[in-house]
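I have placed the structure first, in the form of C-alpha cells, so that the comments after it can refer back to it.
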C-alpha cells in the first residue's frame, strides 16, 4: 500500500533458534529451546498456558525485556536478521491494558506522539495520524478527548498509534483481555485490515481463539515448560493440539471436550484448581493463575 507520505514497508521476518529465557531466582525457565521461523507478512497466533512465557517472548521480540546481567537470555533471536534491540523502530508492541497506553488528552496528539518521537517530518505526521485513525474506525475530531473513549476505543487508539509508525512486525499481547465482546470484534477487524493492507508480520497472544482464527494463518502452541508443542497451519494445529489446549484451559472452536482438564504443572505449583474450559469470547477460568515465573 502507498500512503500520501510514502510507501509502507513490508513485513519483517523472525528467527528463533533454541531460544530461552530464565529469570534470575526462578526455579524454571520461562522459555526453553524455542525454535521457529516466521516469514515476512505471516500472521501467527501464539497459544499456551499462563506462565508458558508468551509475554516474555513478545517482550524479547520487541527488544524491551530486561536482561541487565546478560544471563537470562540464551540461544538466537532475530528480527530481519538483527538483534531486536537494534531494530526497535521496526517493531510495534501493544499490550492488554488500554489505560496505560493512552498518554495524551486528545486523540490526534496521542497518535502523533510516537511519530514525533521517531522524528517523522511534521508535514508527514498529520496525514499519517488521519490515515491511522480512519483505518481503526475512530471517526472523531482530532481534538476529541481520550477520556471520553470506551475501553475498546482506547485499544483501537493505541493500535492507531502503533500502526501510524508503520512497523514491519506487530506484536499484540492479549489486546482484547480488557474489553467487551463488541470492542474485541472491532479491534480484531481493525488489526486484520491493517496487517493485510500493509503486509505486516503479526504475532498475537490471545485466549479468544475463535475471534482470531480467521485472521491468522498459523498457530504456535507452547507447553507449560515454555517449549513449542505444536506449530503449523491454523485449522490443522488447533485440531491436533485440541486436547493439550483444553487441558491448558483454552477453548477450541468446534470441539466439545468430554472430560474436565487436569491442572497443568504451573497451576499445581500455584495451588490452583484446574481450569475449566472457557465459553467463546471469554478468558478461561483459571487463565490468570501462573506457575512460579512470568508469562
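In my numbering, the protein residues as written are 1123 to 1417.
Ideal Cβ placement from N, Cα and C applies to all residues, glycine included.
For residue i: DSSP bridge partner residues
{"i": "residue 1287", "result": "Answer by DSSP bridge pairing: none, since residue 1287 is not bridged."}
{"i": "residue 1143", "result": "1153 and 1195"}
{"i": "residue 1324", "result": "1165 and 1292"}
{"i": "residue 1200", "result": "1137"}
{"i": "residue 1364", "result": "According to DSSP, residue 1364 bridges with nothing at all."}
{"i": "residue 1354", "result": "1341"}
{"i": "residue 1214", "result": "1292"}
{"i": "residue 1370", "result": "Answer by DSSP bridge pairing: none, since residue 1370 is not bridged."}
{"i": "residue 1159", "result": "1137"}
Sequence-distant residues of the same chain with beta carbon closer than 7 Å to residue i, five excluded per side
{"i": "residue 1158", "result": "1138, 1342, 1350 and 1353"}
{"i": "residue 1401", "result": "Residue confidence for residue 1401 is low, a pLDDT of 42 falling below 50, so the modelled location carries little weight; the figure read from the coordinates is stated next. Hits under 7 Å: 1373."}
{"i": "residue 1207", "result": "1185"}
{"i": "residue 1317", "result": "1165, 1292 and 1324"}
{"i": "residue 1393", "result": "With a pLDDT of 38 at residue 1393, under the threshold of 50, the modelled position of that residue is not reliable, and no figure is offered here."}
Same chain, Cβ closer than 8 Å to residue i, neighbours up to 5 away in sequence not counted
{"i": "residue 1140", "result": "1155, 1156, 1157, 1196, 1197 and 1198"}
{"i": "residue 1268", "result": "1224, 1226, 1227, 1228, 1229, 1232, 1276 and 1279"}
{"i": "residue 1235", "result": "1225, 1226 and 1283"}
{"i": "residue 1205", "result": "1185 and 1199"}
Cβ-based neighbour list, residue i, same chain, cut-off 6 Å, excluding 5 preceding and 5 following
{"i": "residue 1213", "result": "1184, 1289 and 1291"}
{"i": "residue 1175", "result": "1152, 1153 and 1348"}
{"i": "residue 1266", "result": "1229"}
CB contact flag (residue i, residue j, <7 Å)
{"i": "residue 1165", "j": "residue 1338", "result": "yes"}
{"i": "residue 1247", "j": "residue 1279", "result": "no"}
{"i": "residue 1299", "j": "residue 1368", "result": "no"}
{"i": "residue 1171", "j": "residue 1370", "result": "yes"}
{"i": "residue 1281", "j": "residue 1312", "result": "yes"}
{"i": "residue 1301", "j": "residue 1321", "result": "no"}
From the options, residue whose alpha carbon lies closest to that of residue i
{"i": "residue 1136", "options": "1151, 1370 and 1162", "result": "1162"}
{"i": "residue 1419", "options": "1311, 1270 and 1194", "result": "In the structure displayed, the chain extends from 1123 to 1417; residue 1419 sits before or after that span and is not available."}
{"i": "residue 1179", "options": "1327, 1270 and 1235", "result": "1327"}
{"i": "residue 1305", "options": "1203, 1204, 1259 and 1321", "result": "1259"}
{"i": "residue 1132", "options": "1167, 1168, 1201 and 1145", "result": "1201"}
{"i": "residue 1173", "options": "1191, 1270, 1222 and 1149", "result": "1149"}
{"i": "residue 1255", "options": "1210, 1361, 1182 and 1309", "result": "1309"}
{"i": "residue 1209", "options": "1240, 1190, 1191 and 1216", "result": "1240"}
{"i": "residue 1297", "options": "1145, 1329, 1359 and 1192", "result": "1329"}
- Can you list the alpha helix (DSSP H) stretches of 4 or more residues lying completely in the segment 1236 to 1317, in chain order? Runs of the alpha helix (DSSP H) inside the segment 1236 to 1317: 1244 to 1257 and 1273 to 1286.
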